[in-house]
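Please read the structure below before turning to the comments.
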Amino acid sequence: MVDVPRSGMRLADWAERALIPLSAMAALIFVVIGASRPVWLDEVSSLSFATQNLQGIIARLRNDTNLPAYYWILHQWIAVFGNSEAAARSLSAIFYLGTIVVVFVTGRFLFSDTRSPFYCAFFYLISVQAIRQAQNIRGYTLLGFVASLSIFFFLRWIRTDSPPGTGGVDAPSRKRSEGTFERR
């Protein structure tokens, strides 16, 4: 094992502690930088969906493969904050920032140390794909948010004897159907 000098440890500790405020600033910068670029065709399509009434959204969804919930949420968002490019893009930014929180909570749930959740959140925060989608008026950040919530709740479910709210009623049938899952 290599002995690390005491001053080196202080520098490493300082660098890790600096990750928190730097990450928060980076998230805001990443979200704001793309907010002023022109709207592209898919984003116009999202705005076109969301500016209709709810019946119009439902009628147009027959020919669309994206998340219907996104258009309904965007419809309400635009009603409150307006339909400017920046206002519409901010919804995706909110889902991006929310996903960072969910990834942090999932990391905290999975790992016993205090550093791992910060690294989990940091690596999502600097993901080029996540940043790019946070700057678009599209439902991809909602999809990432819902997927990360699903992963968190699935992990929580497999670490407990029964899902929340069931009172253990389905525990015997679940144990038979689990097959490859092994509980620790």
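Sequential numbering from 155 applies to the sequence shown in the working numbering. Where a beta carbon is used, it is the ideal one built from N, C-alpha and C, also for glycine.
So, under 8 Å CB-CB, Leu-201 and Ala-242 are touching, yes? Tell me the CB distance rounded to an integer number of Å.
Sure, about 6 Å apart at Cβ, within 8 Å.
Taking 6 Å as the limit between beta carbons, can you name the residues of its chain near Ile-174, skipping five residues before and five after?
Here the set comprises nothing.
Would you kindly report the start and end of the unbroken alpha helix (DSSP H) that includes Arg-286?
Looking at the DSSP string, the run of the alpha helix (DSSP H) that includes Arg-286 is 282-288.
Going by beta carbon distance, what residues of the same chain come within less than 6 Å of Val-158, once the five residues before and after it are set aside?
Any reading at Val-158 is ruled out, since the residue's pLDDT is 46, under 50, leaving its predicted position unreliable.
Within its chain, find whatever has a CB closer than 8 Å to the CB of Ala-284; leave out the 5 residues flanking it on each side and keep chain order.
These residues qualify, in order along the chain: Tyr-250, Thr-253, Tyr-278, Thr-295, Gly-298.
The alpha helix (DSSP H) spanning Leu-208 covers which residue range?
Counting along the chain, the alpha helix (DSSP H) containing Leu-208 begins and ends at 208-214.
Over the uninterrupted alpha helix (DSSP H) stretch that includes Leu-303, give me the two end residues.
From DSSP, the alpha helix (DSSP H) with Leu-303 extends over 294-312.
Candidates Leu-215, Phe-306, Val-193: which alpha carbon is nearest Arg-262's?
When each option's Cα is compared against that of Arg-262, the closest is Phe-306.
The alpha helix (DSSP H) with Ser-190 in it runs from where to where?
It is not in any alpha helix (DSSP H) - Ser-190 carries neither H nor E in the DSSP assignment.
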